[in-house]
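Chains A and B, in that order, are what the protein sequence lines are. So for the first sequence, the working numbering puts the first residue at 1; every next one is plus one. So for the second sequence, the working numbering puts the first residue at 329; every next one is plus one. For glycine and all other residues, C-beta sits at the position ideal for the given N, C-alpha and C.
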Amino acid sequence: MTSDLDIFVGNTTLIDEEVYQLWLDGYTVSEAVSRRLRGGLLERSGTSVSVLQSDTRDHFRTFQMLERLLHSPPRLCQQLLFQIPPPRQAALIQGYYAFEPALARELLGKKLSKGTKKELDEVSARTGLSLRACRRQFDNFKRVFKAVEELKGPLAELIQQHFLLPPPLARDYAAIVFFANSRFETGKRRLQFLSFGDLAACAQHMMGHWTQGAMTPEAAEPDGDVPRSFLQDLKELKVLVSDKDLLDQHKSLVCSALRGKISVYNEMETNFKVLDPCRSDHWSLGDLRLFLGSYTTAPRALGGFRHQLLWERYMAGISACLLRMYHE
Amino acid sequence: MPGKLKVKIVAGRHLPVMDRASDLTDAFVEVKFGNTTFKTDVYPKSLNPQWNSEWFKFEVDDEELQDEPLQITVLDHDTYSANDAIGKVYIDIDPLLYSEAATVISGWFPIYDTIHGIRGEINVVVKVDLFNDLNRFRQSSCGVKFFCTTSIPKCYRAVIIHGFVEELVVNEDPEYQWIDRIRTPRASNEARQRLISLMSGELQRKIGLKVLEMRGNAVVGYLQCFDLEGESGLVVRAIGTVCTLDKLSNTSAFLPACNSPSKEMKEIPFNEDPNPNTHSSGPSTPLKNQTYSFSPSKSYSRQSSSSDTDLSLTPKTGMGSGSAGKEGGPFKTLLRQQTQSALEQREFPFFTLTTFPPGFLVHVGGVVSARSVKLLDRIHNPDEPETRDAWWAEIRQEIKSHAKALGCHAVVGYSESTSICEEVCILSASGTAAVLNPRFLQDGTVEGCLEQRIEEASPPGCGFCHIPYDELNMPFPAHLTYCYNCRKQKVPDVLFTTIDLPVEAIVIGKGCLIQARLCRLKKKAQAEANATSISNLLPFMEYEVHTQLMNKLKLRGMNALFGLRIQITVGENMLMGLASATGVYLAALPTPGGIQIAGKTPNDGTYEQHISHMQKKINDTIAKNKELYEINPPELPEEIIGSPIPEPRQRSRLLRSQSESSDEVTELDLSHGKKDAFVLEIDDTDAMEDVHSLLTDAPPPSGFYSCNTEIMPGISNWTPEIQMFTAVRVSRLGNINLTNQTLNKNFNDLCENLLKSLYFKLRSMVPCCLCHVNFTVALPEDELVQIAVTAVAITFDKNQTLQANKAPTEKSQQRASTDNEEQLQFPLELCPDPLASQPSLPAKEVLEGATSQTGIPAAQRATSIDYSSFADRCNSWIELIKLKAQTIRRGSIKTTASLDKTSPLAEGYLRHRSVPSCTNSTVSVVKMTPLSFLPGAKITKYLGIINMFFIRETTSLREEGGVSGFLHAFIAEVFAMVRAHVAALGGNAVVSYIMKQCVFMENPNKNQAQCLINVSGDAVIFVRESELEMLPVQPSTVVSQPTSSGGDVTT
């Protein structure tokens, strides 16, 4: 006697958090059943495998029906089909949009295109995530990216509004969108040591300091892009490097300001421009912070340097990023 | 022109993309009522159109208002080709037709298409202006209230309970019309939906007319069903109980002059000291208002002219109580005379109610039922209702005579059902024979005070158990003893009923769901031969179902069944029987004897060993069950009772000792040779199987209880957390060489597994009770069995249960007094109500004002906090997810303003609504329950009946997730549409919800499936009791728009 049809519909949609996580992780029904079995559910609840199968199938079906709505979270809150208490709706959304940092790290700065999606099986192999989970997370990135692509205003808030995500998660998505937009090549070997968290923080700093939204809240351009005008202006700053005089002056100003304050003073001079080696020279974080502060403010004393505001805006972003990146 | 219907189409949202090129839709709306149609403008290129239409006004007479549904169709405008329909909304405007219910319907309705399901939502506002109609001969019955609830609705008081009302209308089924061959499935489905909606309206109007004729103002326990007869037609029939109800303007403020607030306290000592000498009231006054008679077409004396096979039988499952008590003798006769006179004027003294005002039920005789097999292709004039009317009249007549045989004048807990397979139809009716107190059955204004005494003559808590029939002339063999409670009157050893457990009943321990399941194969046959074979099988099935119930009851150490419902379903090649009931231990009835197994071949050693092993198992199960259900009746010395029944303790000792050796079995046979010991003779393998199957019923896992009645004895401290659900399973019986045995086993497993899976699903609600568990069985095709279950899981507080576990009498008193609400419906037993003298439609305006004050704002509040009980759990879940996904850092969900710009009301409400966590929800919570009440809440207003019928069809079954995906989505859609309608009426719950029909057909080869669902219930506004206390008197200015509490805007 086989059950062809087997359903359970509650007036309040019944959601099992454990099964939801299994579904999110991309397991099939039978995989999920065996996982639940391993969890000792059978012993605890004194039920049978067939009951567990039926229950899992039922939950998976519900999630599949909900998935369409989860693609547009405000609809999940407005729809009439599933009666779900708001806290639980929030938890569903949060769970659906949560992602594995390792996967996000892999995809950071890549174009969220079909081509990238095809490479997901490699990503899946590297991260140990199931391909389904990878695809869902990739699609989430892409969906969020598409939704805010054309919008104006602060990115994280836009995402929060459109996807009803908790602020920290919305900020992470903002970072992903920012990288996808600016195509920073985060895949370089030298940057491999940086985690998603590091890069996300950098993105936030960059957005915080450099984008239009940071300057004028009602900006005309979306926040995901570093404004072209700003990038243009940055060219002006090249004088600090290209002009030998200015470079030397700058250097000596910073050196004098920091003498005695930094324990690794001797190495500082040599490491002046490229901060990467600082690590190999075992700078402390405090030292680096002092150095950057001084490096930022020093040009004020430089005669003939007319871009102090721009410089400081640039350096604020860079410094914050560097400080974040500066770890083992 | 006595009515003006006004409709405004506000907006739509989430519409489907109808134009692939632009990914948009050019939507407009057609509003149709009767033959008049209005259209909105086309709102171009939007999935969220804002029509903001003018008020469309329909000037119609009230007959039309009652019959017709308002039909709203959303279409996509197409310049070059025909406009595409997106979907429809049918709105039953009946709730707007009586002033005590809703005043406006306003909210978001799902746009429903029979092929695609829900496709977006539409915001609609509907109002009705009714002009007073002075025409006495009108055809409408506006103003008669309908309730699905099978008890007197919570905020009303029954002045008179008039009695039975029934009606039936027939039409040709559009699915079987010739035109169906050329029209689309969508058109056919819509024609059917519309027809059933029309027929329901017409039926309700006709019943309303009968109610007015009977001088009542309401129908309670209204049960409407439809029969898909196929070629011969589509029948919509309904039964109900006519009452004159008075609205309790405000239950807490309701303290009439001559009635002290502590009334129910006073009543108890009064009850305990019955005074048999006070029954001095003379024969009751002639009844003024029972002049009601049925239409001539329904004279049941006329025999059905078709040559079909008839079979009716009563399984005399009922037991009653004795009239032998010396003191009770003459008094009882008087009572009987009175009741008789009150009831004899009725053609059918039936009541669809299952719960009654205290004192209404004097004695209960037992279950009466009748079944009849009919051939649908033999109906002479299929389009006319006469033949079916005659069929039902016959069955009702039979029920009536069965009740008489049990010494009863009335039948309570009455219901009717059908099972159709091809041209064969089994009609069934069942109820509980009872003797009623005449006080409620007539206009007892003054007599009320006097007659009240009479009822008190039967002691509280056990009176209804006393047999109504003559001890010396019993209708069936029964084993009588003196009542274990009052020790004055006779009681039977077991009592089966179809009603709910009376509030005053004294019960020991908890109850439990008991089911008997049975299959019988039959040969495929045609017409008469088929009907004959079914008729021949029915008595055996009834007998076996009864035996199973009896065995299972004893196995649980209990002695009474409530809410008994036996469903016999006919299929092509088999019959299925499913009986569900709630077993309890009534303190008034004797302790049930054990189950004794007797072997046939006493010389076979191993066989005997096996028998004794089984016996041990049975005894162990009984002992375990007694512990599980906390059945420990007080021990009474035998001489007091004069009972031939062995004392319980002694018996259980005997039972335990018997399994040691086979020799002892014979000894024990002697000890159980008493009348009450139930002996199961195992004379063949079949019987062995039966015993085995008895033991396979697993008890619910710890923390779970279940019942099919409204309340579970022994549990009173419910929490507000409820979960209503519907579960459906369809199983294939597979192999062709089926025997009754394997069938029985399969069916039994199917039911048991379904229950198990429910317990597992709801495990987070423990400790919890599944209430009103309602199983329905269908045999949609050869080898397919479909089981649908609807029930509500309610969490209770375990700690308080332990405290409440006191002596039985104490407990019942406690229950009676805690259940103030129940009592308050009938607080006027001692004094005539000033309003009672007024005719059926009493001072509406006055009452209306009073109720709406507290009702509406309170409901809004209720909606906004409704999820608070969930909050904690969800929070912990959020924590869990946080742990799993490392990227999510701690943080609260920011409250943002609603994105909903489509609702004009939204912004206003946003301001004065504070909402806990998630925010963008614009959907108000609507609770649904099959019970007539909500735990921890007070129903402040009934908004009208919800009676909805939907068809869903698919031609892409696989794509929709197969049969499970299809039906899962459909049932979710039905729930959503019910909730939306309730919310639009301004309500926040549906009580007495029932899924009356779920007809599912599939054709996997063609990738097709179709399903029809019929649901009903009462839309209500409830207020949490905790809030009620905090709510002082609400200023009447808050009344505002009740709509807003409904549809659209929360948070």
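In chain A, which residues lie with their C-beta within 9 Å of the C-beta of valine 1058 of chain B?
Taking the second sequence and counting its residues from 1, the one referred to as residue 1058 of chain B is at position 730. Here the neighbours are Ser3, Asp4, Leu5 and Asp6.
Would you verify that the beta carbon of leucine 70 of chain A is, or is not, closer than 8 Å to some beta carbon of chain B?
What you label residue 70 of chain A is simply residue 70 of the first sequence in a count that begins at 1. No, leucine 70 of chain A lies away from the interface with chain B (no Cβ there is under 8 Å from its Cβ).
If I'm right that serine 758 of chain B touches serine 697 of chain B with Cβ under 8 Å, what's the distance once you round it to whole angstroms?
For this step, residue 758 of chain B is matched to residue 430 along the second sequence. For this step, residue 697 of chain B is matched to residue 369 along the second sequence. Rounded, the Cβ-Cβ distance is 4 Å, consistent with contact.
Roughly how many angstroms lie between the CA atoms of proline 166 of chain A and isoleucine 159 of chain A, to the nearest whole one?
Here residue 166 of chain A corresponds to residue number 166 of the first sequence, with the count starting at 1. Here residue 159 of chain A corresponds to residue number 159 of the first sequence, with the count starting at 1. Using only the alpha carbons, I get a separation of about 10 Å.
Could you tell me the alpha carbon to alpha carbon distance between threonine 323 of chain B and isoleucine 896 of chain B, rounded to whole angstroms?
As displayed, chain B neither begins before 329 nor continues past 1379, which places residue 323 of chain B out of reach and without an answer.
Cβ of glycine 39 of chain A within 8 Å of any chain B Cβ
Locating residue 39 of chain A in the first sequence gives position 39, counting from the first residue. Not closer than 8 Å to any Cβ of chain B, the Cβ of glycine 39 of chain A fails to qualify, so no.
Which residues, in chain order, does the region 1286-1303 of chain B contribute to contact with chain A at a C-beta distance below 7 Å?
Gly1289, Val1291, Ser1292, Gly1293, Leu1295, His1296, Ala1297, Ile1299, Ala1300, Glu1301 and Phe1303
Is aspartate 821 of chain B helix, strand or coil by DSSP?
Position 493 of the second sequence, counting from 1, holds the residue named residue 821 of chain B. Coil.
8 Å is my cut-off, CB to CB: does glutamine 1051 of chain B come that close to chain A?
On the second sequence, position 723 is the one that residue 1051 of chain B refers to. It does; some Cβ of chain A falls within 8 Å.
Comparing the C-beta of glycine 109 of chain A with each C-beta of chain B, is any distance below 8 Å?
For this step, residue 109 of chain A is matched to residue 109 along the first sequence. Not an interface residue.
What residue does the alpha helix (DSSP H) around lysine 142 of chain A start on, and which one ends it?
To locate residue 142 of chain A, count along the first sequence from 1; it is residue 142. Its alpha helix (DSSP H) spans residues 131-149.
Using a cut-off of 8 Å between C-beta atoms, extract the partners of serine 124 of chain A located in chain B.
Within the first sequence, residue 124 of chain A is the residue found at index 124, counting from 1. Correct list: empty, because the minimum Cβ distance to chain B is about 17 Å.
Could you give the first and the last residue of the continuous alpha helix (DSSP H) run that contains glutamate 1287 of chain B?
As a first step, residue 1287 of chain B must be located in the second sequence, where it is residue number 959. Where glutamate 1287 of chain B is concerned, there is no enclosing alpha helix (DSSP H), given that its DSSP letter is neither H nor E.
Expressed to the nearest angstrom, what Euclidean distance is found between the alpha-carbon atoms of leucine 1107 of chain B and valine 1113 of chain B?
As a first step, residue 1107 of chain B is located in the second sequence; it is residue number 779 there, counting from the start. As a first step, residue 1113 of chain B is located in the second sequence; it is residue number 785 there, counting from the start. Approximately 5 Å, taken between the alpha carbons.
Compute the Euclidean distance between the alpha carbons of isoleucine 337 of chain B and asparagine 451 of chain B, then round it to the nearest angstrom.
Translated into the one-based positions of the second sequence, residue 337 of chain B becomes position 9. Translated into the one-based positions of the second sequence, residue 451 of chain B becomes position 123. Their Cα atoms are separated by approximately 6 Å.
Would you verify that the beta carbon of glycine 26 of chain A is, or is not, closer than 8 Å to some beta carbon of chain B?
Numbered from 1 along the first sequence, position 26 holds the residue referred to as residue 26 of chain A. No, no contact with chain B.
Phenylalanine 163 of chain A versus serine 72 of chain A: straight-line alpha-carbon distance, rounded:
One-based indexing of the first sequence puts residue 163 of chain A at position 163. One-based indexing of the first sequence puts residue 72 of chain A at position 72. Taking the straight line joining both Cα atoms gives about 7 Å.
Cβ atoms of leucine 769 of chain B and threonine 826 of chain B: under 8 Å apart, would you say?
As a first step, residue 826 of chain B must be located in the second sequence, where it is residue number 498. As a first step, residue 769 of chain B must be located in the second sequence, where it is residue number 441. No, Cβ-Cβ distance for threonine 826 of chain B and leucine 769 of chain B is not below 8 Å.
Using DSSP with H/G/I as helix, E/B as strand and the rest coil, what is alanine 926 of chain B?
Working through the second sequence from its first residue, we reach residue 926 of chain B at position 598. In this structure, alanine 926 of chain B counts as strand in the three-state DSSP scheme.
Proximity of proline 330 of chain B and phenylalanine 459 of chain B at Cβ, strictly below 8 Å:
Reading the second sequence from its first residue, position 2 is the one you call residue 330 of chain B. Reading the second sequence from its first residue, position 131 is the one you call residue 459 of chain B. Cβ atoms of proline 330 of chain B and phenylalanine 459 of chain B: closer than 8 Å.
For lysine 482 of chain B, the nearest candidate out of B:Ile1349, B:Pro766 and B:Glu1355 (CA to CA)
Sequence index remark: in the second sequence, residue 482 of chain B carries index 154 (1-based). Residue B:Ile1349 is the option with its Cα nearest to lysine 482 of chain B.
Run through chain B and tell me which residues come within less than 7 Å of aspartate 198 of chain A, C-beta to C-beta.
What you label residue 198 of chain A is simply residue 198 of the first sequence in a count that begins at 1. Here the premise fails: no neighbours, minimum Cβ distance about 13 Å.
Residues bridged to isoleucine 1267 of chain B (per DSSP):
Counted from its first residue, the second sequence places residue 1267 of chain B at position 939. BP columns for isoleucine 1267 of chain B point to B:Phe1350.
Among residues of its own chain, excluding the 5 on either side of isoleucine 7 of chain A, which ones have a beta-carbon nearer than 8 Å to its beta-carbon?
Along the first sequence, read from residue 1 onward, the residue named residue 7 of chain A stands at position 7. The residues are Asp58 and Arg61.
State the CB to CB distance for the pair aspartate 361 of chain B and glutamate 396 of chain B, rounded to an integer number of angstroms; the pair is presumed to be in contact (CB under 8 Å).
Here residue 361 of chain B corresponds to residue number 33 of the second sequence, with the count starting at 1. Here residue 396 of chain B corresponds to residue number 68 of the second sequence, with the count starting at 1. The question names aspartate, but residue 361 of chain B in the sequence shown is phenylalanine. Confirmed, Cβ separation roughly 6 Å.
Euclidean distance between Cα positions of proline 710 of chain B and threonine 949 of chain B:
The residue given as residue 710 of chain B occupies position 382 in the second sequence. The residue given as residue 949 of chain B occupies position 621 in the second sequence. Whole-angstrom Cα-Cα distance: 53 Å.
Residues in its own chain within less than 6 Å of alanine 32 of chain A by CB, not counting five upstream and five downstream?
The residue given as residue 32 of chain A occupies position 32 in the first sequence. Excluding residues within five positions, the ones whose Cβ falls inside 6 Å are Leu22 and Thr56.
Glutamine 1069 of chain B versus valine 1117 of chain B: straight-line alpha-carbon distance, rounded
Taking the second sequence and counting its residues from 1, the one referred to as residue 1069 of chain B is at position 741. Taking the second sequence and counting its residues from 1, the one referred to as residue 1117 of chain B is at position 789. Their Cα atoms are separated by approximately 24 Å.
Can you list the residues of chain B that valine 49 of chain A reaches, using a CB-CB cut of under 8 Å?
In the first sequence, residue 49 of chain A corresponds to position 49, counting from 1. Ordered by position in chain B, no residue passes the 8 Å Cβ test against valine 49 of chain A, which lies about 11 Å from the chain.
Would you identify the three-state DSSP class for methionine 1305 of chain B, choosing helix, strand or coil?
Numbered from its first residue, the second sequence carries residue 1305 of chain B at position 977. Methionine 1305 of chain B falls in the helix class under three-state DSSP.
Does the Cβ-Cβ distance between glycine 448 of chain B and alanine 1311 of chain B come in under 8 Å?
Here residue 448 of chain B corresponds to residue number 120 of the second sequence, with the count starting at 1. Here residue 1311 of chain B corresponds to residue number 983 of the second sequence, with the count starting at 1. No, these two residues do not count as a Cβ contact at 8 Å.
Closer than 8 Å, CB to CB, is lysine 332 of chain B near chain A or not?
The count along the second sequence starts at 1 and reaches residue 332 of chain B at position 4. Not an interface residue.
Can you name the start and end residues of the beta strand (DSSP E) that proline 1048 of chain B belongs to?
Taking the second sequence and counting its residues from 1, the one referred to as residue 1048 of chain B is at position 720. Where proline 1048 of chain B is concerned, the enclosing beta strand (DSSP E) stretches over 1046-1060.
Would you list, in chain order, the members of the region 1258-1285 of chain B that have their beta-carbon closer than 9 Å to a beta-carbon of chain A?
none
Check each candidate in B:Ile433, B:Tyr812, B:Pro1029 and B:Thr401 and name the one with the smallest Cα separation from leucine 1271 of chain B.
Your numbering for residue 1271 of chain B matches position 943 in the second sequence. Nearest option by C-alpha distance: B:Ile433.
Buried or exposed for glutamine 64 of chain A, please, with buried defined as at least 16 other CB atoms from any protein chain shown within 10 angstroms of its CB.
Within the first sequence, the letter at position 64 stands for residue 64 of chain A. So glutamine 64 of chain A ends up on the exposed side.
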